[in-house]
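>
Number of protein chains: 2
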Amino acid sequence: MKTVRIGLFGCGVVGSELCRLVRDTRDLFERRDGIRFEIAAVGVAHPGKPRPEWVPADRIVAGWNAVAAMPGIDVVVELIGGTGDAKDAVFDSLGRCRHTVTANKALLAQSGVELTRLAASKGCGLCFEAAVGGGVPVIASVAETLNANRFHRVAGIVNGTTNFILTRMKEEGMGYDQALLLAQERGFAEPDASFDVEGTDAAQKLSILAALAFGAGIPAHEIYTEGITRVTAQDMALVAGFDYVIKLLAIGRRTPHGVELRVHPALVNSRHPLAAVRDEFNAFFLTGDVTGEVMLYGKGAGPSPAAGAVLSDVARLARREGTSWFDRQWTYDDIEHVPIGDVETGYYMIFPVVDKPGVIGRIASTLGSYGINIESAHAHLPEPRNGHGLVQIISHRARERDVRGALKAVRDLPVLTGEAWFYRIEE
Amino acid sequence: MKTVRIGLFGCGVVGSELCRLVRDTRDLFERRDGIRFEIAAVGVAHPGKPRPEWVPADRIVAGWNAVAAMPGIDVVVELIGGTGDAKDAVFDSLGRCRHTVTANKALLAQSGVELTRLAASKGCGLCFEAAVGGGVPVIASVAETLNANRFHRVAGIVNGTTNFILTRMKEEGMGYDQALLLAQERGFAEPDASFDVEGTDAAQKLSILAALAFGAGIPAHEIYTEGITRVTAQDMALVAGFDYVIKLLAIGRRTPHGVELRVHPALVNSRHPLAAVRDEFNAFFLTGDVTGEVMLYGKGAGPSPAAGAVLSDVARLARREGTSWFDRQWTYDDIEHVPIGDVETGYYMIFPVVDKPGVIGRIASTLGSYGINIESAHAHLPEPRNGHGLVQIISHRARERDVRGALKAVRDLPVLTGEAWFYRIEE
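Chains as they are written, first to last, in my numbering: chain A, 1 to 427; chain B, 1 to 427.
1) Pairing CB atoms from the segment 199-217 of chain A with CB atoms from the segment 122-138 of chain A, are three or more of them under 8 Å?
2) Do we get a CB-CB distance below 8 Å when we pair V290/A with the residues of chain B?
3) Could you spell out where the alpha helix (DSSP H) holding M428/A opens and where it closes?
4) Quick one: Cα of T331/A to Cα of G215/A, how far?
5) If you draw a straight line from the C-alpha of L115/B to the C-alpha of I6/B, how long is it?
6) Note down the Cα distance separating D92/B from A68/B, rounded to an integer number of angstroms.
7) For T167/B, collect the residues of the same chain with a Cβ closer than 6 Å to its Cβ; drop the 5 residues on either side in sequence, then sort them by chain order.
8) Alpha helix (DSSP H) containing N149/A: first to last residue?
9) Would you identify the three-state DSSP class for M236/A, choosing helix, strand or coil?
10) Using a C-beta cutoff of 8 Å, does E419/A count as contacting chain B?
11) So, with DSSP's three-state summary, where would you put R98/A?
12) According to a CB-to-CB cut-off of less than 9 Å, which residues of the segment 295-306 of chain B neighbour chain A?
13) What does DSSP give as the partner residues of W421/B in its beta bridges?
14) If we call anything under 8 Å between Cβ atoms a contact, is I246/A one with Y423/A?
15) For the segment 141-173 of chain B, list every residue whose C-beta sits within 8 Å of some C-beta in chain A, in sequence order.
16) Does any CB atom of chain B fall closer than 8 Å to the CB of E129/A?
17) DSSP three-state label for L413/A, please.
18) From the DSSP output, in three-state form, read off C19/A for me.
19) In this structure, does DSSP put E78/B in helix, strand or coil?
20) So S312/A contacts chain B; which residues on that side make the cut at Cβ distance below 8 Å?
21) Leaving out the 5 sequence neighbours to the left and right, which residues in its chain are closer than 8 Å to A193/A when beta-carbon positions are compared?
22) With H, G and I counted as helix, E and B as strand and the rest as coil, what does DSSP make of S395/A?
23) Quick one, are the C-beta atoms of V113/A and T100/A less than 8 Å apart?
24) Does G288/A come out as helix, strand or coil in the three-state DSSP assignment?
25) Starting from G43/B, follow its DSSP beta bridges and name the residues at the other end.
26) Would A41/B pass as a contact of V55/B if the rule is Cβ separation under 8 Å?
27) If we cut at 8 Å on Cβ distances, does P256/B have a partner in chain A?
28) What first and last residue would you give for the beta strand (DSSP E) that runs through N269/B?
29) Report the neighbours of L21/A on chain B: residues whose CB is nearer than 9 Å to its CB, in chain order.
30) Measuring only the C-alpha atoms, how far is D24/B from L311/B?
31) Using a Cβ-Cβ distance under 8 Å, would T25/A count as near chain B?
32) Report, in whole angstroms, the separation of the C-beta atoms of L8/A and L18/A, which I expect to be a contact under 8 Å.
33) Please classify R385/B as buried or exposed, where buried requires at least 16 other C-beta atoms within 10 Å of its C-beta.
34) Closest Cβ-Cβ distance between V338/A and chain B: below 8 Å?
35) Kindly indicate which residue of M236/B, V343/B and R397/B has the alpha-carbon position closest to the one of S270/B.
36) Taking only beta carbons into account, state which residues of the segment 259-279 of chain A come closer than 7 Å to chain B, listed in chain order.
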């Protein structure tokens with residue numbers, strides 16, 4: 001029997017659940033893997049705070065530093081979160097050549113390159129299955145099981161809060177504010193939901209996936225990010241007429257010009273498996289040259305799945321002791337980051353217009369002069385007619401810079417009654 | 001740089017594709033993993049047969065035995081298939097303490113317990129990611145990334161041929177024979193399709209998954225197996241009226257009475273993610289106590305995904321050299337195998353009847369006398385009415401033995417015009 005002594009930094013809901021799992025999976029890991037986990041120390045900001053019975057009270061110490069300095073720790077688990085203390089703690093831990101597990105996507109999306117380089121140079125492990133997708137086994141699948149692939153694309157619904165909101169808007173015709181309120185009531189959204197609804201959470205996950213899939217060391221703040229706050233129930237209903245649903249996607253693509261990374265609401269064909277991903281579920285779509293398309297689906301959040309992923313990482317590190325795996329964890333390629341203006345995709349554009357003959361023609365001609373090929377154009381007029389309407393245009397693949405230029409030019413046409421807007425179409 | 005010398009048994013489409021991958025992923029594995037793969041020997045039945053240029057001609061020898069006896073092989077890859085020579089070859093290879101990778105589900109589903117025990121006793125590795133799900137990373141996910149879970153259920157669409165046929169029947173109203181023919185034309189079904197359409201392939205995969213998820217050492221031939229040959233386009237249309245689709249499912253469940261394993265066509269709610277799995281795609285639904293539900297989706301077959309999974313296993317074994325992983329690969333539990341008669345699930349039953357008042361009442365009463373609770377009962381009468389019809393009954397959870405008993409008793413009622421049949425409902 002091999003004993004693995006865990007030093008825990010932070011003990012919130014995930015940390016506390018990890019302590020419970022260590023207790024409740026003891027027979028499983030002992031019998032199957034010959035591993036006994038032990039919570040050797042728990043460094044917390046407030047040692048006096050009441051905690052569940054399964055958090056070993058006699059192992060609680062004040063602050064992560066006290067745990068870091070302790071001898072005999074085999075694996076450090078960082079569950080402080082954020083990029084303040086957590087960052088210092090993980091750098092310190094790797095600096096001491098300690099195997100480290102973290103669920104901290106913000107930290108990885110900010111400092112992933114430095115952290116992985118430090119881990120490799122020290123010959124120690126850094127694992128983070130819980131940082132992306134909660135219990136969905138996406139990190140191990142990209143990094144290990146699918147490692148004969150060169151990935152073309154990693155795309156998905158990677159944020160449960162926004163997917164819940166968009167699902168309610170689509171299925172019940174709710175407005176954005178109403179759906180957000182429901183998400184907050186159900187515990188799927190924070191009181192301040194901006195981190196999720198603005199797309200920041202999705203961008204952080206995409207940064208981590210892109211590092212693994214493409215060897216791209218691009219931090220989250222450099223990723224083009226648009227949230228869902230401007231999506232309306234009307235847009236949902238309009239695109240349904242063309243067999244599309246609106247989903248917040250995180251998309252990474254390898255192109256001949258470099259890697260494209262973007263987070264934004266996108267139109268997905270209603271027969272595509274991503275369209276069937278409802279409510280708080282996540283789905284990761286991975287496309288590689290060897291395996292083709294694989295989708296991994298599940299709840300992307302929750303203390304229990306996250307703690308399970310952390311424990312699996314601890315076991316992974318413990319079982320790799322003695323191998324040369326640790327100095328070979330990541331390679332970053334010198335890869336171009338394609339700016340959003342250079343992205344090419346299909347576009348669905350909506351123009352609020354006056355209800356007059358010739359309107360579609362004038363808009364279409366302007367788009368044409370920017371080199372945008374139109375796949376179809378449709379007028380949407382309210383009944384009874386009130387002199388106003390919407391023109392909807394679906395383009396073939398076009399360059400975003402051209403689309404934005406064309407929309408500016410259309411603005412000057414006398415037929416518009418308001419600002420046009422658009423969604424990108426993901427095939 | 002670590003060189004990993006591969007001894008290949010068999011060189012059909014997957015073996016040949018493996019040779020191509022070894023050539024074409026060289027930079028990937030060298031740079032990222034510090035591993036160089038080398039095809040050291042290829043044992044084949046017909047050495048003179050013409051092969052693609054990427055199969056190293058100077059490494060081809062006659063028969064697997066010649067490769068087995070060769071010194072300096074690091075990992076053996078068995079791609080002969082079946083349970084004849086392949087079985088001897090894998091036992092021989094493990095007996096020599098050689099790490100072995102196989103894609104052979106038939107062999108594992110027949111002799112998995114002996115093979116894994118032999119591997120553990122010799123301290124060598126046995127990997128088989130390619131045996132289930134092709135490129136879908138289901139084996140590694142169950143065995144490693146989700147290993148903090150006690151699994152309640154593993155269920156899924158695990159056979160692409162039958163899913164293609166059922167999808168065409170549903171979406172285009174094709175009959176079974178016509179859809180099978182189309183599957184054969186498209187290369188999704190063999191000329192003799194019985195291995196797939198009778199459910200054997202699915203039962204073999206279920207046997208392997210059940211070993212990993214439940215520690216159940218139950219060979220495929222002991223699994224209750226029903227194929228899709230009796231599914232009709234009419235049944236498809238009827239169940240659509242209740243928001244169900246018919247899918248061939250492989251279902252493993254851990255119950256208080258033991259483990260339930262079964263392969264049969266089942267009704268799946270049309271909003272369930274499994275219902276959206278179309279054509280030749282596979283999907284594995286894993287339910288654990290820690291992670292909840294996870295679904296893994298992709299094409300379950302094809303030489304390239306299979307070869308990619310094999311190569312990933314070879315890398316996995318190579319990187320584990322020097323660890324204690326190899327003596328701890330599987331534990332089998334002394335677990336009861338619940339007979340099909342004791343299975344409890346919902347049932348959808350169809351009774352061909354005469355079109356007369358009182359028919360539903362008589363059938364319902366008979367079912368009731370067997371303790372079967374009816375959720376709903378519906379008459380389906382053709383227009384124009386011709387004196388015949390169908391009664392459809394959806395039951396609450398009931399025991400299969402009781403359902404079969406009730407159907408026998410109903411047979412004696414004077415209202416039936418033919419044999420009743422049923423589908424199980426999977427929630």
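Even for Gly, the Cβ is constructed at its ideal location relative to N, Cα and C.
Let's see:
1) yes
2) yes
3) Examination of residue 428/A is not possible in this model, given that chain A is present from 1 through 427 alone.
4) 6 Å
5) 20 Å
6) 8 Å
7) R278 and D279
8) Premise fails: N149/A is in no alpha helix (DSSP H) and is neither H nor E.
9) helix
10) no
11) coil
12) M295, L296, Y297, G298, K299, G302, S304 and P305
13) I350/B
14) yes
15) S141, E144, T145, L146, N147, A148, N149 and R150
16) yes
17) coil
18) helix
19) strand
20) E144, T145, L146, N147 and A148
21) T161, L180, A183 and Q184
22) strand
23) no
24) strand
25) F9/B and V61/B
26) no
27) no
28) G258 to N269
29) A148 and V290
30) 12 Å
31) yes
32) 7 Å
33) exposed
34) no
35) M236/B
36) P273 and A276
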